[in-house]
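**Q**
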Amino acid sequence: MNMDWTMFPCFALPALTAWILAAVMSFKGRRSWTFALAAAGLAIFFTFILCLWISLDRPPLRTMGETRLWYSFFMPSVGILVYWRWRYKWIMSFSALMAAVFIMVNLLKPEIHDRTLMPALQSPWFAPHVIVYMFAYAMFGAVTLMAICLLVRKRAAENKEMLICDNLVSTGLSFLTIGMLLGAIWASQAWGSFWSWDPKETWAFITWLAYFLYLHMRRHSSGTRTALYMLIFAFLCLQICWWGINWLPSAQGMSIHTY
Amino acid sequence: MTEKLISRPGLITGVSLTLAGLILQLLIGPVRWQALDTPVNFILLAAFPAILFTTYRIFGNSSAVMWLGSARAASASIAWTLVMVLIMGLIRQQPLPIGFEDMPAYLHFPGLHDMRTNWSFVLIFLWLLTALGMALIRVCIPLKIKRIAFLLNHLGLFVALLAGALGTPQNRHYRLTLKEGESSSQIIDPVGQPHAIPFTIELKDFDVTFYESDDYDRSNQIPKKFVSTVGISKSGKRDGTYSISVNHPARIGHWRVYQYGYDTGSDPEHAASTFEIVCNPWHGLFLTGILIMFAGAIALFVQTSKRKETAV
């Protein structure tokens, strides 16, 4: 089968419709419908990823457009997992919105996609490293939206709302840590050192520290607003690490993480 | 309880360490990691945890030591480390070329272009390591099973950071370029000094395959794979033949040989292959730290998903 990006809307739009309907159903309290619709959307979307993988003859993880593809897939996955585990009604609408944003970016700004994969990326560590990172990013995307909502509205965040943030950050951090460690092991296989303070690595470390700072602050500080601002700051660091690095003057021509 | 990000002791500690670092940077120039070369690093590996433990045992009731192992001190030390690493991320890092360290110390001031040898960075890093160690002792002795995620996360990071820092002086990276048929048992470092390596490496064969393209000009082609076949011999005896490509290094004792690059030059039939030859005796300890952190990340995930349901 030959799948390319021209087929993307035929899969992305039905999947997105299913996720939006799932969000509506979760607000109406229809649990089975929520699960069924979310799963249907995920299945449709994953079919596209899988077919693209086969026709590219390599995992679609290299270009920015390809990582956005995984992000759009993981946002609703995280949403439905969190809904299943903690029964938060709002989470599906959050994650459907995030998925929609990334699908739109891919529709409006498709990037050049080719088949080549440079030798450093031909590694069994490649797929788990990026996929685990994208999953963590999806968690942090959800918690950032939540933090903004809590900050914008007038009344202070309640304890149980802060606990949701803590849970999302802890889960995201466990994935972020695993992604980083897989990267370190891979780097020692490919380049001969676990960590070399490459700009991408430096910003990954900054992001990691920022989220850990949030968790430590929550252990001793009653101040919720500072903690919520910290979540937004951490997400900005994550954006610099993810794509901002390409525009950062201090990183120009310095990173071996440019593909 | 406070709304503040950093409490007063955290602010005072951070400012003092940063200032002390700046003074040291002005007076004696950048940190020379080479000063920690064997046996100093092995002594520190044993001494540092021992000092932390003894301090905790003797002064454990003093407010300063109690503070050092607290969550507040953890936040403060993480926040200061974050500031230092942010500087590293925002200011282009360009270590001085080898041979320039002997310039007058004040010319390295404030040394923000090479944070790894910046005294403020190193002192803040030492504080982070101390806070980590103290927190481990405070929380994990005696060990309770519900503290397992805490133990693994903090211990793994402690081991990895310690191995990374103490291994620095012994972590050697060299480049070596060979043409087919050539062999060498010494490498030239970036200053031009020859160094002997404990084996002889001979490039027997080198192959590049390119991605198919319509373009016949090789300089525009993208390599798919490049493989060096090398023979290794130790003190005249043949050790074996290795096939080395990117992501597939050869391991010879503490040494690893990586495929770094190649140069087809004008004569594509006799390409030159470049290797990165690495010796890091601390590889194993760093890897141990990473694996402990790996287990810690899984434990954190399990612990979080077991938390009480708090439906909204």
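So the protein sequences, as listed, match chains A and B. All residue numbers for the first sequence refer to this note's numbering, where the first residue is 31 and numbers rise by one. All residue numbers for the second sequence refer to this note's numbering, where the first residue is 119 and numbers rise by one. Yeah, the Cβ is synthetic: ideal placement off N, Cα and C, and Gly gets one too.
#1: Any residues in the segment 115-143 of chain A with a beta carbon nearer than 8 Å to a beta carbon of chain B? Which ones, in chain order?
#2: Kindly indicate if chain A contains any beta-carbon less than 8 Å away from that of residue 182 (chain B).
#3: Under the three-state reduction of DSSP, which class applies to residue 390 (chain B): helix, strand or coil?
#4: Can you tell me whether residue 90 (chain A) is buried or exposed? The criterion is at least 16 other CB atoms within 10 Å of its CB, across all chains shown.
#5: Quick one: using the 10 Å Cβ neighbour count with 16 as the cut-off for buried, is residue 430 (chain B) buried or exposed?
#6: Within a Cβ cutoff of 7 Å, which residues of the same chain sit near residue 267 (chain A), ignoring the five residues on either side of it in sequence?
#7: Taking the beta strand (DSSP E) that residue 100 (chain B) falls in, what are its first and last residues?
#8: Counting only Cβ pairs nearer than 7 Å, list the residues of chain B close to residue 290 (chain A).
#9: When DSSP labels each residue in this structure, what does residue 60 (chain A) get in the three-state scheme?
#10: Can you give me the C-alpha to C-alpha distance between residue 383 (chain B) and residue 389 (chain B), rounded to a whole angstrom?
#11: If we cut at 8 Å on Cβ distances, does residue 317 (chain B) have a partner in chain A?
#12: What is the C-beta distance between residue 377 (chain B) and residue 344 (chain B), in whole angstroms, given that I count them as a contact (C-beta under 8 Å)?
#13: Name the DSSP beta bridge partners of residue 379 (chain B), please?
#14: Measure from the C-beta of residue 272 (chain A) to each C-beta in chain E and report whether the shortest distance is under 8 Å.
#15: Of all the residues that make up the segment 339-364 of chain B, which are near chain A by a beta-carbon distance shorter than 9 Å?
#16: Nearest-angstrom Cα distance between residue 259 (chain A) and residue 250 (chain A)?
#17: I want to verify the contact list: residues of chain A whose CB lies under 9 Å from the CB of residue 293 (chain B), in sequence order.
#18: What residues in the segment 219-232 of chain A have a beta carbon less than 9 Å from any beta carbon of chain B?
#19: So, is the C-beta of residue 158 (chain A) closer than 8 Å to a C-beta in chain B?
#20: Please list, in chain order, all residues of the same chain as residue 132 (chain B) whose beta carbon is under 6 Å from its beta carbon, the five residues on each side excluded.
#21: Below 8 Å on the Cβ atoms is my guess for residue 273 (chain A) versus residue 167 (chain A); work out the distance and round it to an integer in Å.
#22: What's the gap between the Cα of residue 76 (chain B) and the Cα of residue 155 (chain A)?
#23: Check the Cβ-Cβ distances between residue 367 (chain B) and every residue of chain A, and say whether any is below 8 Å.
#24: So is residue 224 (chain B) buried or exposed if we call it buried at 16+ other beta carbons inside 10 Å?
#25: Please list, in chain order, all residues of the same chain as residue 151 (chain B) whose beta carbon is under 6 Å from its beta carbon, the five residues on each side excluded.
#26: Do we get a CB-CB distance below 8 Å when we pair residue 90 (chain A) with the residues of chain B?
#27: Would residue 173 (chain A) and residue 198 (chain A) qualify as a contact pair, given that the criterion is a beta-carbon distance under 8 Å?
#28: Relative to the C-alpha of residue 319 (chain B), which residue among B:327, B:299, B:146 and B:397 is closest?
#29: Does residue 147 (chain B) come within less than 8 Å of chain A when only Cβ atoms are used?
#30: In whole angstroms, give me the CA-to-CA distance for residue 275 (chain A) and residue 256 (chain A).
#31: How big is the Cα-Cα spacing for residue 272 (chain B) and residue 200 (chain A)?
#32: Please report how far the alpha carbon of residue 374 (chain B) lies from the alpha carbon of residue 394 (chain B), in whole angstroms.
#33: Apply the 10 Å Cβ neighbour rule to residue 222 (chain B) and answer buried if 16 or more other Cβ atoms are within range, or exposed otherwise.
#34: Looking at residue 159 (chain A): is its Cβ nearer than 8 Å to the Cβ of residue 216 (chain A)?
#35: Which residue comes first and which comes last in the beta strand (DSSP E) that contains residue 342 (chain B)?
#36: What residue range is occupied by the uninterrupted alpha helix (DSSP H) comprising residue 128 (chain B)?
**A** From the atom records:
#1: 115, 116, 117, 118, 119 and 120
#2: Position 64 of the second sequence, counting from 1, holds the residue named residue 182 (chain B). No, because no Cβ of chain A sits closer than 8 Å to the Cβ of residue 182 (chain B).
#3: For the purposes of this step, residue 390 (chain B) is taken as residue 272 along the second sequence, with counting starting at 1. In this structure, residue 390 (chain B) counts as strand in the three-state DSSP scheme.
#4: Within the first sequence, residue 90 (chain A) is the residue found at index 60, counting from 1. Classification for residue 90 (chain A): buried.
#5: As a working mapping, residue 430 (chain B) is identified with position 312 in the second sequence. Because residue 430 (chain B) carries a pLDDT of 39, less than 50, the predicted location of this residue cannot be relied on, and the following value inherits that uncertainty. Its Cβ having fewer than 16 others within 10 Å, residue 430 (chain B) is exposed.
#6: Counting from 1 along the first sequence, the entry for residue 267 (chain A) is found at position 237. Excluding residues within five positions, the ones whose Cβ falls inside 7 Å are 233, 236, 237 and 240.
#7: This structure cannot speak to residue 100 (chain B), because chain B is shown only from 119 to 430.
#8: The structure shown does not extend to residue 290 (chain A), since chain A spans only 31 to 289, so no value can be given for it.
#9: Working through the first sequence from its first residue, we reach residue 60 (chain A) at position 30. If DSSP states are grouped into helix, strand and coil, residue 60 (chain A) belongs with coil.
#10: As a working mapping, residue 383 (chain B) is identified with position 265 in the second sequence. As a working mapping, residue 389 (chain B) is identified with position 271 in the second sequence. Their Cα atoms are separated by approximately 7 Å.
#11: Counting from one through the second sequence, the residue named residue 317 (chain B) turns up at place 199. Taking Cβ atoms only, chain A never reaches closer than 8 Å to residue 317 (chain B), which makes this a no.
#12: The residue you call residue 377 (chain B) lines up with position 259 of the second sequence. The residue you call residue 344 (chain B) lines up with position 226 of the second sequence. 7 Å between Cβ atoms; contact.
#13: Start at 1 with the first residue of the second sequence, and residue 379 (chain B) comes out as number 261. Residue 379 (chain B) is bridged to B:392.
#14: Looking for chain E here will not work: the only protein chains present are A and B.
#15: 340, 341, 342, 343, 344, 363 and 364
#16: Locating residue 259 (chain A) in the first sequence gives position 229, where the first residue counts as 1. Locating residue 250 (chain A) in the first sequence gives position 220, where the first residue counts as 1. One C-alpha to the other measures close to 16 Å.
#17: Along the second sequence, read from residue 1 onward, the residue named residue 293 (chain B) stands at position 175. Under the 9 Å cutoff, chain A gives no residues; its nearest Cβ is about 11 Å from residue 293 (chain B).
#18: 219, 220, 221, 222, 223, 224, 225, 227, 229 and 232
#19: Sequence index remark: in the first sequence, residue 158 (chain A) carries index 128 (1-based). Cβ-Cβ to chain B under 8 Å: no for residue 158 (chain A).
#20: By 1-based counting over the second sequence, the position of residue 132 (chain B) is 14. 198.
#21: Locating residue 273 (chain A) in the first sequence gives position 243, counting from the first residue. Locating residue 167 (chain A) in the first sequence gives position 137, counting from the first residue. Rounded, the Cβ-Cβ distance is 11 Å, inconsistent with contact.
#22: Past the edges of chain B, shown from 119 to 430, lies residue 76 (chain B), and the structure says nothing about it.
#23: What you label residue 367 (chain B) is simply residue 249 of the second sequence in a count that begins at 1. So yes, residue 367 (chain B) belongs to the interface.
#24: For this step, residue 224 (chain B) is matched to residue 106 along the second sequence. Exposed is the call here.
#25: The residue given as residue 151 (chain B) occupies position 33 in the second sequence. Cβ within range, chain order: 286 and 287.
#26: As a first step, residue 90 (chain A) must be located in the first sequence, where it is residue number 60. No - not a single Cβ of chain B is within 8 Å of the one on residue 90 (chain A).
#27: For the purposes of this step, residue 173 (chain A) is identified with residue 143 of the first sequence, where counting begins at 1. For the purposes of this step, residue 198 (chain A) is identified with residue 168 of the first sequence, where counting begins at 1. In this structure, residue 198 (chain A) lies closer than 8 Å to residue 173 (chain A) by Cβ.
#28: Here residue 319 (chain B) is taken as the residue at index 201 of the second sequence, counted from 1. Nearest option by C-alpha distance: B:299.
#29: Position 29 of the second sequence, counting from 1, holds the residue named residue 147 (chain B). It does not; no Cβ of chain A falls within 8 Å.
#30: Numbered from its first residue, the first sequence carries residue 275 (chain A) at position 245. Numbered from its first residue, the first sequence carries residue 256 (chain A) at position 226. About 26 Å.
#31: In the second sequence, residue 272 (chain B) corresponds to position 154, counting from 1. In the first sequence, residue 200 (chain A) corresponds to position 170, counting from 1. Taking the straight line from one Cα to the other gives about 15 Å.
#32: By 1-based counting over the second sequence, the position of residue 374 (chain B) is 256. By 1-based counting over the second sequence, the position of residue 394 (chain B) is 276. When rounded, the distance between both Cα atoms is 8 Å.
#33: Counted from its first residue, the second sequence places residue 222 (chain B) at position 104. By the 10 Å Cβ count, residue 222 (chain B) comes out exposed.
#34: Position 129 of the first sequence holds residue 159 (chain A). Position 186 of the first sequence holds residue 216 (chain A). Yes, these two residues count as a Cβ contact at 8 Å.
#35: As a first step, residue 342 (chain B) is located in the second sequence; it is residue number 224 there, counting from the start. Looking at the DSSP string, the run of the beta strand (DSSP E) that includes residue 342 (chain B) is 341-352.
#36: Your numbering for residue 128 (chain B) matches position 10 in the second sequence. Residue 128 (chain B) -> alpha helix (DSSP H) spans 126-146.
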